[in-house]
Amino acid sequence: MQRISRWTALVAVLLLALVATACGSNSDSSTTSDGGDAPGKGSEAVGFIFVGPKDDFGYNQAAYQGAMAVKDAFPDLDVLTAENVPETDEAARVLEGMVAKGAKILFATSYAHLDAALKVAAKHPDVAVVQQGNLIKGDIPANAGTYFGTVYEPVFLAGMVAGKQTKTNKLGYVYAYPIPQTIANINAFELGALSVNPKAVTYTVNTSNWCDTGKQEEAAQSLLSQGVDVLTQHQDCTATITKAAERAGVMVVGYHADASSLAPKGWIAGSEWSWADLYEDIVQTALDGKFTGSKYNANFRSGLKDGLNPFVQSKFGSSVSQETKDLVAAAAKDIAGSGSPFKGPVVAQDGTELVAAGTVPDYATIEQKMVVFVKGVIGEIPKT
Amino acid sequence: MSAITFTSFDRKATLRWVLALAGAAAVFGLLVLTKGANPFEVYRSMLDSVRGSSSVEGILLKATPLVLAALAVAVPARAGMVNVGGEGQLVMGGVFAMGVSLAVDGGLPGQTTLVLMCIAAAVGGAIWAAIGALLKLFVGINEAVSTLLLNYLAVNVMLFLIYDRWKDANGSGQPATRALASSERFSLLGSSNVHAGLLLALVATAAIWWVLRSTRWGFRLRVVGGNPEAARRAGISVGSTLLSAMLVGGALAGLGGVVQLAGAEFKLRQGFLATYGYVAFLASWLARHKPINVAVAAVVLAGISVAGDSLQLDSSLPAATVNVLMALVLLAVFGWTRTKAVSS
Amino acid sequence: MTALPLDVMTGAVRGGTSILYAALGESVAETAGVVNLGTEGSMLVGALAGYAITAHTGSPWVGALAGGVAGGALALVHAFFVLDRKANQLATGLVVLFLGLGLTSLFGAAYVARTATSFDAWNVPLLSKIPWIGEIFFQHDPLTYLTYFLVPALWFVLTRTGIGLLVRGVGERTEVLGTYGHNVRLVQYLAVVAGGFLAGLGGAQLSTAYAHAWFENMTQGRGFVAVAVVIFAARRPLAAMGGSYLFGAALALSPALQARGWQINQFALDSLPYLAVIVVLVLLGKKRAAEAPEGLQKVFEMSTAT
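Protein chains in written order, with this note's numbering: chain A, 3 to 386; chain B, 88 to 431; chain C, 7 to 312.
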C-alpha cells in the first residue's frame, strides 16, 4: 500500500490539468493563424538561434553580429537571440519559445538546425523560417528556405596565398563534418594552392564537432607533426587552432572571422562573414509579406558573381607580397566573371574526372559534386 | 478497503521543504544579481514563460523520456541497486528502435513497425542494464561503476553507427540516420507538439506503481532492497531479483529512448538525449524512488530546465545557468528535508 | 614526419594530464571513503577560474592556483552535503556536477573571447633531447611536469606516511578511528577538498596549457573519465597515471591516424579505454572489491531507507 502524501496528489492533479490544457489547447495565437497571413508579415520580433557562443571568434560570432545589425536596422523589431542551442529537437523548443514571444521571422543558423527549423515551420505557416547552410531536399515549404554564401570562393583565394607562402608544401585543414560545404572548401583551398604551386598538398583531420577545443588541439598537433606549415580550419570556434599555429610558429589562414589578433606573426589570409546585408534583406522581404516565392524561399546561394557574397576575404598578413595580392585579385575578378574555383579540369583523389576541362560548373552543380576530395588532398572522407 | 491512503499534512516537514526551496531561490537570486540581473524580474520572467501553452508543451515533451528514465532508476533502487546507466540505456533504446526501423525498411505497416520498435527498445535497454547487473553478480563489480562506464560505450556505439553504416546517404554528410517514416512516429496529441509517448510514460508510471505494491515480484524487490540478508533467509533468490530489477529498469529507459526518437527527434543524431539520464537519476533521488513521486519530480525538473530558455530570451543570462537553480533546489532538498539521517 | 607511436604517446601525455590531475584528486577522496562524481564540476570551475584569473593577472601560475582553489571550493560543497547532511554520495556528486556546469556557464560567458597568457611549452634542457622519451615527456607545459612529481609524492604520502595512514584508516575503519580520537570528519573533509583542488588544477591545465581557451562545458566528460581511471587503478597513483595516459592516447589516436591519411571510425577507438577499464575490472574484480576501503564499499551499497 503506497501512502501518497497530499502534496504529491495535489501536484499530480495540477500536472494532469496542464496536460489537458496542452492537449486540447488551440487558443494560443501562434497556432491559430488565419492561414492567409504571409509568412513573417508585420512581425514584431525576429529570432536567431546559434549552436555555439556568440564570441567564438568564428561562425556564431559572425551570425550574432549579423543579428545585431538587424537590431540596428530595425529599431522597432524585438531581436531575440539564443546561444548554445544543440542541434537536436531542443532547438525546436527554443524556436517555439521565440514564436510564442511574437517572432514571425526565425533564423536557425547552424547546419543541423534544419530539422528543427522545418518542424517549427510546418506548425506555423505564418512564420518565415530560414536556415543557414543546409539544403532542403525535395519540396520547399512556402514559409521556409535556406541561405548561404559560396564560401569556397574566398577560401580558394586564401588557398592561393597559402600555396605561395608555404615552404614545406604541406598545408593542413581541420574540419568538423564531411558536409558538402566543407568538402567544397577543402577542395577549393587545395585547388587554389595548386594554381600557384603544383607541389602543394593538403592534409585533413576531422574532429566530429564544431567546437571541441580538446579535439581541435589534438588535430592541430597531429598536423603539425606531419610538417604542415600552414594551418586552416572549418570549425565554429577558431581560437584554439589559430593559437596553436602561432605557438608553433607556422602560418595560419583564418575562417569565419578575422582572428588575426590571435596570430600576429602567422596570419597570412582568411575569409570571414559579413551577414548584415543579407540578414537585413531577408527580414525586410518577410516583413513586407513577400517571402513566399521570393529568392529566399529556396536554397539561396549568393556568390561573387552576384556581388552579394556574404563571405568575404579577410585582410592579408604583413608577410604577403604585392605580387601574391595581385594574383589573388586577378583570380577574384575571374571568378566574379565567367570563372570558378572549380573550373575544369578537376580530378578526384582516385583519378576520376570531377569537372571536364574547360567547363565552369554552376553553384548547384558544385554542391552536388562535392562528395569527394580532389587530388592533392590527403585524407579519407568517412564512408557512408 | 482503500488501496490508497493519504498521509496527513506533516507541518514540520512542509515547513522544511518551503524553507529549503526558499533558500535555494534566494541563493540563485543573489547569483544572478552579481551578473547585473534583477532577481525578481528573472523569476517573474521564468514563471511567465512557463505558463504559456507552448512552454507547457515543451515541458511535457522533455518530461516524457525523463519520466521513463527516472523510473528506470527507481525500480532498481527499490531493490538496492544504483543505476547510473540511464544515459546509455536511453541511447541503446533509441539504437535498437532505429535498427528495427532500418531493418524493416518500410516492409511492414508503420504502426506495426512502431510496436516492434518499442519492444526492441525495451529489449535493448534491458540488455544494456543487464550487463551491469551480471558484472555485479558474477564478478562483484559495483553496478554504479559499471553502468557509468557503459554510458560512454553506448554513446560511442551510437556514434559509430550513425557515422558509418547507418548514416543517411541523402543527409548531406551530416552524421545522422534517415528520418522515420511518418507512420512510424508517435501521433501527436491534439494540435500540440506533445505526442502519444507521454501517455506511454504515464501508463508506465501507473503500472510500476501497481506492480511494486501489489505483485509478489514487487514485494520481493522491496524486501531485497530493505534487507538482503533477511530476504535470503526467507528463501528469496537475491541474485535473480536484482537482475530482474535491472532488466525492468533498463527496459523502461529503453522505452524512454524510443519515445524520444519516434515522438520528437525522428532521427538518431549526435547529442541524442544527452544528460537526460543524469537528470532522471536526480529526479528519482528527489522522490525517494516512489513511482508516482518520481514521475512528478521528473516533470518538475523538466520544468526547471525549460525555464532556462527564459533566462536567455528574457534576462540575457546563459541558458545553462538554470542548472545552478536545479542544483540548489536539489541540494536544499537533499540536505534539509530528509526526516531521518541516511547512511551513505 | 614523425612516427605514429611517437605521436600517439606524446598525445597521450598531452591529453591525459588534465585527466591525471583529476584522477589523483579523486584517488585521495576515495581513499578516505568518499566518492565525488562531481569531479567533472570541479574540473570545469577550475578551467574557468584558471583561465579567467590568468586573463586578469597575466600570470598563469596564479591562474592555476585559482583553478585549484575553485575546484576545492566546489568539492567543499560536496563534502558538506555528504558528510554533514548525510546525503547520498552519488546523487550529491551529480548535483555538484550540474552546479559546476551552471556556474561556469553563468560566469564564463564573459571569458570566451578573452585571450589570456598561457603556459607555454618549455623543453626541459638535456632531457628533452633524448630520442623518443624526450619528446613524449619533456616537451610539455610546467603543469604537466608537476604531475611527474605529484604521482610519486602522492604514492609516498599515501603509503608511507602517518598522514596517508590516517587517510587510509579513515576510509578503511571509519568507526575504529573515531573511537581512537581522530577527527574522522575533518580528515574526510580535507581529503575531498584536496581532491577537488587537484581536479581544479587539472581543469586549469586544460584551459591555460592545453586548449588555450575557455568554452562552456569544455571538459567534455574528462572528470567522469577520471573517476573511471581511479576505479581502474584501484586508487593507486602510478596506475592512475597509466590509465590517464591510456585515455589520452585514445584522444590522440584518431587525429594522428587521419593526419597520415587513414580514416577510421574514431568511435571504435574512443570506446577502447572504457572497454579496457571494464576488462581490467572483470579480470581483477573480486580481488579489487575485497581490497576497497570499507567506507567506499558502503557508498556503493544502497539502502532504500532514504
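Using N, Cα and C, we set each Cβ at its ideal position, and we do this for glycine too.
| Contact list for the stretch 220-232 of chain B against chain C, Cβ threshold 9 Å | 222, 225, 226, 227, 228, 229, 230, 231, 232
| Among C:236, C:54, C:202, C:277, the one whose alpha carbon lies nearest that of residue 112 (chain C) | C:54
| Selected residue, minimal CA-CA separation from residue 207 (chain A), among C:269, C:168, C:171, C:174 | C:269
| Between which two residues does the alpha helix (DSSP H) harbouring residue 148 (chain A) extend? | Segment 146-151 is the beta strand (DSSP E) holding residue 148 (chain A); no alpha helix (DSSP H) there.
| query | Is there at least one non-hydrogen atom of the ligand GDP closer than 8 Å to the beta-carbon of residue 243 (chain A)? | reply | This structure simply doesn't include the ligand GDP, nor any ligand for that matter.
| request: Could you tell me whether the Cβ of residue 59 (chain A) comes closer than 9 Å to any Cβ of chain C? | output: yes
| request: Mind checking who residue 303 (chain A) pairs with in its DSSP beta bridge? | output: A:150
| said: Under DSSP, the beta strand (DSSP E) around residue 217 (chain A) begins and ends at which residues? | reply: Segment 215-226 is the alpha helix (DSSP H) holding residue 217 (chain A); no beta strand (DSSP E) there.
| Quick one: complete alpha helix (DSSP H) runs, 4+ long, within the stretch 339-380 of chain A? | 365-371
| Of the residues C:71, C:14, C:77, C:117, the one placed nearest residue 218 (chain C), counting alpha carbons only | C:117
| task | Answer with buried or exposed for residue 281 (chain C), where buried requires no fewer than 16 other C-beta atoms within 10 angstroms of its C-beta. | result | exposed
| Using 9 Å as the limit for Cβ to Cβ distance, is residue 239 (chain B) near chain A? | no
| request: Indicate whether at least one CB of chain B lies closer than 9 Å to the CB of residue 28 (chain A). | output: Any reading at residue 28 (chain A) needs caution, since the residue's pLDDT is 36, under 50, leaving its predicted position unreliable; the model's value is listed next. So, interface residue.
| task | Look at residue 314 (chain A) and residue 282 (chain A) and say whether their C-beta atoms are less than 9 Å apart. | result | no
| field | Short Cβ contact (9 Å threshold) for residue 294 (chain A) with residue 71 (chain A) | value | no
| Taking 9 Å as the CB-CB cut-off, is residue 231 (chain A) touching chain C? | no
| said: Our contact map puts residue 253 (chain C) next to residue 31 (chain C) with C-beta atoms below 8 Å; I'd like the distance itself, whole angstroms only. | reply: With 8 Å as the limit, residue 253 (chain C) and residue 31 (chain C) do not qualify as a contact, their Cβ atoms being about 16 Å apart.
| query | Got a sec? Which residues, its chain only, sit under 6 Å from residue 161 (chain A) by beta carbon, not counting five neighbours each side? | reply | 191, 194, 195
| field | Length of the line joining the Cα atoms of residue 223 (chain A) and residue 246 (chain A) | value | 8 Å
| task | For residue 245 (chain A), go through chain C and note every residue whose CB falls closer than 7 Å to its CB, in chain order. | result | 218
| Near residue 219 (chain A), which residues of its chain fall below 7 Å by C-beta distance, leaving aside the five closest residues on each side in sequence? | 242, 246
| query | Helix, strand or coil: how does DSSP classify residue 130 (chain A) here? | reply | strand
| field | Spatial distance of residue 11 (chain C) from residue 245 (chain B) (CA atoms) | value | 28 Å
| request: Measure the C-alpha to C-alpha separation of residue 192 (chain C) and residue 86 (chain C) and round it to an integer number of angstroms. | output: 11 Å
| message | Just to make sure I have the definition right: I need the residues of chain C whose C-beta is within less than 9 Å of the C-beta of residue 383 (chain B). Which are they? | response | What residue 383 (chain B) touches in chain C: nothing, since even the nearest Cβ is about 17 Å away.
| query | Is the Cβ-Cβ distance between residue 202 (chain A) and residue 164 (chain A) less than 9 Å? | reply | yes
| query | Are the C-beta of residue 169 (chain B) and some C-beta of chain A separated by less than 9 Å? | reply | no
| query | Does the beta-carbon of residue 238 (chain C) have 16 or more other beta-carbons within 10 angstroms, so that it is buried, or is it exposed? | reply | buried
| query | So what does DSSP say about residue 51 (chain A), is it helix, strand or coil? | reply | strand
| query | Which residue from B:344, B:342, B:332, B:356 puts its Cα closest to that of residue 166 (chain B)? | reply | B:332
| query | Apart from the five residues on each side of it in sequence, which residues of its chain come closer than 7 Å, Cβ to Cβ, to residue 262 (chain C)? | reply | 10, 13, 14, 17
| task | Report yes or no: do three or more beta-carbon pairs, one from the stretch 93-107 of chain A and one from the stretch 137-144 of chain B, lie closer than 8 Å? | result | yes
| Under the three-state reduction of DSSP, which class applies to residue 188 (chain C): helix, strand or coil? | coil
| field | Closest residue to residue 240 (chain B) among C:28, C:277, C:287, C:27 (Cα-Cα distance) | value | C:277
| task | Could you list the residues in the stretch 77-108 of chain A with a C-beta less than 9 Å from some C-beta on chain B, going in chain order? | result | 82, 83, 84, 85, 86, 87, 88, 89, 90, 91, 92, 94, 95, 96, 98, 99, 100, 101, 102, 103
| Bounding residues of the alpha helix (DSSP H) (the contiguous stretch that carries residue 328 (chain B)) | 325-347
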